[in-house]
Amino acid sequence: MADNQIKSFSLAEMKDKYIGKAGSVEREDYEYELRMDVLGQMIKVARKERNLTQEQLGELIGVQKAQISKLESSVNSASIDTVLKVFRALNANIYFNVTLENQHLKLV
72 MADNQIKSFS LAEMKDKYIG KAGSVEREDY EYELRMDVLG QMIKVARKER
122 NLTQEQLGEL IGVQKAQISK LESSVNSASI DTVLKVFRAL NANIYFNVTL
172 ENQHLKLV
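Next comes the structure, spelled out in structure tokens:
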């Protein structure tokens, strides 16, 4: 009788196999795009919760509606300054955690 067990893989194993090993250029690019996607969704959700249009949010921070649209859809990368302006305009709390070789820094 044939053994019909299904082999399972962890997410990390799947990423290693299909995207690239951690630290590779392909994996770094993937992780960056994923973070930008999440950031775009956070901006969109916060904007909608505050009943703002993309145009209104753009006016609050001094950019065109198109730039807000691009941020939300992760079409382009934004400067940290623009991202901070967006979250400040949305009255959102921002926390950064940075780890540098045995040091943990937190910016609130």
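In the working numbering, the protein residues as written are 72 to 179.
Heads up, the beta-carbon is just placed ideally off N, CA and C, and yes, glycines get one too.
Closest by C-alpha distance to L142, when choosing among D108, N164 and R159: Along the sequence shown, one-based indexing puts residue 142 at 71. Of D108, N164 and R159, the residue nearest in Cα terms is D108.
Please give the ranges of any alpha helix (DSSP H) in the region 80-166, keeping only runs that are unbroken, at least 4 residues long and fully inside the region. 82-89, 96-120, 125-132, 136-144 and 151-160
Give a yes or no on contact between the region 84-97 and the region 113-127, applying the rule of three or more CB pairs nearer than 8 Å. no
Using a Cβ-Cβ cutoff of less than 6 Å, which residues in the same chain neighbour Q135 once the five nearest sequence positions on both sides are dropped? Position 64 of the sequence shown, counted from the start, is the residue given in the question as residue 135. Same-chain partners within the cutoff: G129.
Does the Cβ of L105 have 16 or more other Cβ atoms within 10 Å, making it buried, or fewer, making it exposed? Numbered from 1 along the sequence shown, position 34 holds the residue referred to as residue 105. Classification of L105: exposed, given that the 10 Å Cβ count is below 16.
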